[in-house]
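Sequence order for the protein chains is A and B. Taking this note's numbering, the leading residue of the first sequence gets 1, the next gets one more, and so forth. Taking this note's numbering, the leading residue of the second sequence gets 1, the next gets one more, and so forth. In this text, a Cβ means the ideal position worked out from N, Cα and C, and glycines have one as well. The structure appears right after this line, and notes come after that.
Number of protein chains: 2
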Amino acid sequence: MTGNTKAAVEFARQNGTRFVEELKALLRIPSISTLPEHAGDVRKAAQFVADELQRIGMENVRLIETMSPEHPGGHPLVYADWLHAGGEAITVLCYGHYDVQPAEPLDEWKSPPFEPAERDGNLYARGAVDDKGQMWMHVKALESLFAANAGKLPVNVRMIVEGEEEVGGEGIARFVRERGDQLKADVAVVSDTEMFAPDLPTLCVGLRGMIYTEIEARGARTDLHSGMYGGTAPNPFVALAQIIAKLKDENGRVMVPGFYDKVAKPSADELKAWKALPFDEEHYRQTEVGSPELTGEPGYSVLERTWARPTLDVHGMPGGFTGAGAKTVIPAKAVAKISMRLVPDQTPVESFAAYKAYVESIAPKGVEVEVRLIHSGDPIVVSTDNPYVKAATEAMREVFRKETVFVRGGGSIPIVGDFVRELKIPTLLMGFGLPDDNLHAPNEKFHIANFHRGIESLVRFFSGVGGRG
Amino acid sequence: MTGNTKAAVEFARQNGTRFVEELKALLRIPSISTLPEHAGDVRKAAQFVADELQRIGMENVRLIETMSPEHPGGHPLVYADWLHAGGEAITVLCYGHYDVQPAEPLDEWKSPPFEPAERDGNLYARGAVDDKGQMWMHVKALESLFAANAGKLPVNVRMIVEGEEEVGGEGIARFVRERGDQLKADVAVVSDTEMFAPDLPTLCVGLRGMIYTEIEARGARTDLHSGMYGGTAPNPFVALAQIIAKLKDENGRVMVPGFYDKVAKPSADELKAWKALPFDEEHYRQTEVGSPELTGEPGYSVLERTWARPTLDVHGMPGGFTGAGAKTVIPAKAVAKISMRLVPDQTPVESFAAYKAYVESIAPKGVEVEVRLIHSGDPIVVSTDNPYVKAATEAMREVFRKETVFVRGGGSIPIVGDFVRELKIPTLLMGFGLPDDNLHAPNEKFHIANFHRGIESLVRFFSGVGGRG
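This is the structure we're talking about:
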């Protein structure tokens with residue numbers, strides 16, 4: 001460890017409490033990207049991040065608008081860079097997102113989702129770990145390095161922070177596609193994943209893709225009384241139930257014809273490494289899922305089912321009467337929000353086309369169905385054959401005193417596919433969340449020790465990767 | 001027609017505009033009995049009705065509380081009587097309800113549901129025909145008779161108006177069961193049904209019963225991220241869909257074992273009379289239902305399917321994410337609101353027990369289901385073999401100049417079963433709604449001419465039925 005790295009680590013440790021307080025201020029902004037009524041909050045969060053990047057010494061800080069006639073709900077990107085490392089220094093592209101998921105159901109939060117609360121060494125708030133807290137680690141690692149290096153960084157850095165990750169990332173995808181030259185770098189670093197287990201440094205080398213869809217079933221012209229019309233009027237909920245029951249069988253297998261045709265099997269080495277991971281299925285069922293039994297395709301392990309097998313879920317079925325008590329309505333229409341997780345080598349385009357055709361073919365009589373694609377993301381597997389992976393594992397070994405494990409993630413980070421495909425650079429998925437951090441759920445949290453270990457790992461990574469191989 | 005009847009009819013005609021304005025004032029009170037936050041409005045509507053009964057000359061007017069530890073959400077009954085007709089005069093029990101269904105979806109109303117609006121000879125508002133408008137016909141017929149008879153009525157009258165018809169009528173059912181002597185009468189008259197066609201006087205002689213249920217499916221302990229847990233965590237919506245798909249097949253047949261065992265076939269005479277009714281299935285499909293096709297059991301006509309066959313409908317599926325856009329949640333739980341319409345000789349108790357056992361037996365692995373009965377009502381067929389039916393058909397012939405048709409109704413009016421069973425009196429279901437009045441749906445209306453014809457029919461009925469056989 002060079003003197004400057006040590007000074008940066010020291011700075012981060014001494015300022016750790018302030019870093020957490022700043023993060024709390026960011027978490028208080030309800031930047032829920034999917035809800036139009038929060039568009040102002042989303043922008044406020046963007047400005048908050050931009051202001052801090054400016055303050056710590058980054059340059060060319062700006063909001064990049066993504067709103068356009070084709071993308072009317074676009075939220076701004078935050079961009080900043082510092083490109084004066086000189087010599088053989090490489091350029092690192094840091095990515096994060098400042099938008100968050102909705103917080104519903106609100107009554108299940110032990111403390112309000114936008115009033116960050118510390119309990120038992122954790123920071124509870126919507127966005128604590130996904131991804132405001134992890135994005136903030138990058139900002140604070142850079143601040144620490146600036147402080148320890150007299151206003152300089154050991155590497156060139158570009159930082160791009162988006163506000164649409166939770167709604168498909170259309171704005172940044174377009175930016176990368178059309179103006180990728182503005183993000184020219186040697187490697188991208190993304191902290192939006194989790195560690196396999198507490199204290200176990202982890203790099204994620206694969207992510208599932210997804211298609212998020214809606215099926216709208218329309219029956220009668222208007223809502224009807226089930227007394228008068230029960231027996232003749234089509235019921236859109238019954239129709240959707242019949243469709244869903246034909247989409248996924250009771251073994252968890254997706255029944256869309258051809259759905260599995262392009263699913264690639266993980267390599268024997270990868271499967272072997274997964275078997276060696278410290279994983280207890282019964283413990284996982286009890287502590288993480290908490291259901292009477294786990295579901296999913298027979299013949300595949302939990303890690304295979306969540307990392308390397310596609311699946312289908314229903315997220316909500318709006319329509320009809322959802323209040324307390326009874327209303328005897330046959331609704332004119334109902335919607336099912338359905339997503340599929342995809343794995344290499346499935347593609348969103350082919351999967352959606354097959355799904356749409358199948359749903360239309362099985363729609364029961366009396367209803368008309370409309371199948372809509374809300375957003376999608378490619379499944380990816382990232383390369384581990386580069387010096388940046390080595391720099392990252394060394395940095396984490398110094399902090400955690402353990403060897404890094406390589407895992408995949410079940411979720412989707414659409415931008416990673418774009419970095420691989422458009423920028424043609426390797427991406428490190430170096431995340432510091434924990435499996436029980438309640439992403440997208442009530443009581444989302446970030447283990448505060450991991451926030452600090454993440455900052456220190458990033459400080460060491462930026463220092464270690466500084467010189468070109 | 002006696003002189004007094006003629007004077008009462010004349011009074012009703014001259015005061016018709018005022019009657020409608022009074023009804024509008026009642027319709028402005030959002031007395032939605034299923035929503036706890038409207039309990040104050042429900043009571044306000046009860047008081048409105050009581051005040052008017054007092055004003056027109058009824059006696060012993062009072063609100064009867066139904067709230068109790070077992071029935072904490074009970075809404076008051078409105079009771080009034082006038083029992084001085086003397087001699088051989090019979091006693092008529094008038095029934096109506098002042099509560100209404102919720103108005104959702106609000107954005108489909110052309111004028112706000114609680115701001116009554118006249119358009120094209122119709123009065124639009126939630127409750128216009130179901131049942132405030134029809135109940136108000138009784139009040140106004142009594143007012144007209146009091147006015148024409150120097151403060152007397154040609155019959156003894158008891159009037160009972162409930163505020164829980166749309167939520168199962170538990171309060172009045174208990175009152176009839178425990179204090180039925182206070183409702184002692186020779187015949188009950190209920191105006192809460194519709195005419196078979198415009199200008200066609202109609203008596204309804206059968207009603208379907210119902211059980212209204214909820215199935216709650218619980219999987220994971222908390223909401224989970226579908227990226228991380230898709231493939232292992234049970235999905236309560238998928239489970240409910242699989243259950244619903246096994247509850248009703250694609251031909252509309254309910255698959256609960258034994259469900260049809262006690263279904264009684266209508267008599268040959270009744271089926272023959274139904275075939276003679278002016279009914280055009282294609283016109284019904286286009287103008288009333290408006291769906292691409294009708295659904296329901298093959299081999300039965302539309303009238304048989306809606307009047308004499310049981311069925312099952314799903315009314316809403318609360319849970320998960322129902323907002324705009326995307327949220328990738330696997331909800332911890334989801335609910336399906338499901339009702340079954342029952343016909344003679346099915347019973348709510350037996351039907352619910354069979355349904356509950358079946359649902360529990362088909363619940364997919366990974367979820368726990370809870371099957372709840374929200375409310376129920378007996379199916380009934382009422383007798384036509386009594387002098388009151390003759391008096392009613394004569395009264396309506398004088399107003400409509402047509403013979404009355406006898407039909408059944410697909411809906412449920414739970415109290416009718418209680419009148420038959422507990423009070424052991426015949427009930428006349430003399431309603432003046434129209435098939436396209438949008439009961440329980442947006443843009444509910446009452447054809448204003450039918451409001452006036454209903455009042456006149458009731459005036460003539462009360463006069464004609466005055467003397468005991």
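Query                                                                                                                                : Result
Nearest-angstrom Cα separation, counted from Ala188 (chain B) out to Ser245 (chain B)                                                : In the sequence under discussion, the amino acid at residue 245 (chain B) is Ala, which differs from the Ser named in the question. Rounded to whole angstroms, Ala245 (chain B) to Ala188 (chain B) spans 41 Å at the Cα level.
Cut-off 7 Å between Cβ atoms - residues of its own chain near Glu143 (chain B), not counting five sequence neighbours on either side : Ile56
Span of the alpha helix (DSSP H), counted from its first residue to its last, around His452 (chain A)                                : 448-464
Every unbroken beta strand (DSSP E) inside the region 406-432 of chain A [3 residues or more]                                        : 427-430
Length of the line joining the Cα atoms of Gly168 (chain A) and Glu162 (chain A)                                                     : 11 Å
Element boundaries [alpha helix (DSSP H), containing Met58 (chain B)]                                                                : Looking at the DSSP string, Met58 (chain B) is not in any alpha helix (DSSP H), and its letter there is neither H nor E.
Segment contact flag, the region 195-210 of chain A with the region 194-205 of chain B, C-beta cutoff 8 Å, min 3 pairs               : no
Beta-bridge partners of Arg43 (chain B), as assigned by DSSP                                                                         : Per DSSP, none; premise fails for Arg43 (chain B).
Where the region 412-435 of chain B meets chain A: residues whose CB sits under 7 Å from a CB there                                  : Ser412
Proximal residues, the region 121-153 of chain B versus chain A, C-beta separation under 8 Å                                         : none
Residue closest to Ala326 (chain B), alpha-carbon to alpha-carbon, out of A:Cys204, A:Ile448, A:Met317                               : A:Met317
For Gly464 (chain A), the nearest candidate out of A:Gly73, A:Thr213, A:Leu153 (CA to CA)                                            : A:Leu153
8 Å Cβ cutoff, Gln54 (chain A) in contact with chain B                                                                               : no
Any C-beta of chain A under 8 Å from that of Phe321 (chain B)                                                                        : yes
Beta-carbon neighbours of Glu178 (chain B), restricted to chain A and to distances below 7 Å                                         : The premise fails here: Glu178 (chain B) is roughly 24 Å from chain A at the closest Cβ pair, so nothing lies under 7 Å.
Pair within 8 Å by beta-carbon distance, Tyr95 (chain A) and Ile415 (chain A)                                                        : yes
Own chain, CB closer than 6 Å to Arg468 (chain B), minus 5 neighbours either side, in chain order                                    : Residue placement at Arg468 (chain B) is flagged as unreliable, the pLDDT there being 43, under the threshold of 50; a coordinate-derived value is accordingly withheld.
Residues in the region 195-228 of chain B having any Cβ partner in chain A nearer than 7 Å                                           : Arg208, Tyr212, Gly219, Ala220, Arg221, Thr222, Asp223, Leu224, His225, Ser226, Gly227, Met228
Neighbour list for Gln101 (chain A) in chain D, Cβ cutoff strictly below 7 Å                                                         : The structure shown contains no chain D; its protein chains are A and B.
Span separating the alpha-carbon of Arg179 (chain A) from that of Glu65 (chain A)                                                    : 13 Å
Proximity to Ser291 (chain A) [Cα-Cα], best of B:Ile330, B:Met340, B:Ala39, B:Asp345                                                 : B:Ile330
N-terminal and C-terminal residue of the beta strand (DSSP E) that Tyr124 (chain B) is part of                                       : 122-124
Option in B:Phe451, B:Ala441, B:Lys365 with minimal Cα separation from Gly251 (chain A)                                              : Looking at the sequence itself, residue 251 (chain A) is Asn, so the reference to Gly does not match. For the residues B:Phe451, B:Ala441, B:Lys365, the minimum Cα distance to Asn251 (chain A) belongs to B:Lys365.
Reference Pro201 (chain A); option with closest CA among A:Gly466, A:Asn450, A:Glu165                                                : A:Asn450
Sheet register partners of Ile160 (chain B) (DSSP bridge)                                                                            : B:Tyr79, B:Tyr95
CB contact flag (Gly475 (chain B), Ala363 (chain B), <8 Å)                                                                           : The question about residue 475 (chain B) has no answer here: the residues shown for chain B are numbered 1 through 469.
Neighbourhood of Phe509 (chain A) by C-beta, 6 Å cutoff - its chain only, sequence neighbours within 5 removed                       : The displayed coordinates of chain A run from 1 to 469. Any statement about residue 509 (chain A) would go beyond what the structure contains.
CA nearest to the CA of Met340 (chain B), picked from B:Arg18, B:Asn235, B:Glu214, B:Pro278                                          : B:Glu214
Opening and closing residue of the beta strand (DSSP E) in which Lys337 (chain A) lies                                               : 333-342
Whether Asp99 (chain A) touches Ser31 (chain A) by CB criterion (8 Å)                                                                : yes
Neighbouring residues, chain B, relative to Arg305 (chain A) (Cβ below 9 Å)                                                          : Gly230, Gly231, Thr232
Cβ-based neighbour list, Gln242 (chain A), same chain, cut-off 8 Å, excluding 5 preceding and 5 following                            : Ile362, Pro364
The region 99-114 of chain B contacting the region 402-414 of chain B, beta-carbon criterion three pairs below 8 Å                   : no
Min CB distance Lys356 (chain B) to chain A below 8 Å                                                                                : no
For Arg62 (chain A) and Gly323 (chain A), the rounded distance between their alpha carbons                                           : 45 Å
Closest residue to Ser412 (chain B) among B:Leu439, B:Tyr388, B:Lys390 (Cα-Cα distance)                                              : B:Leu439
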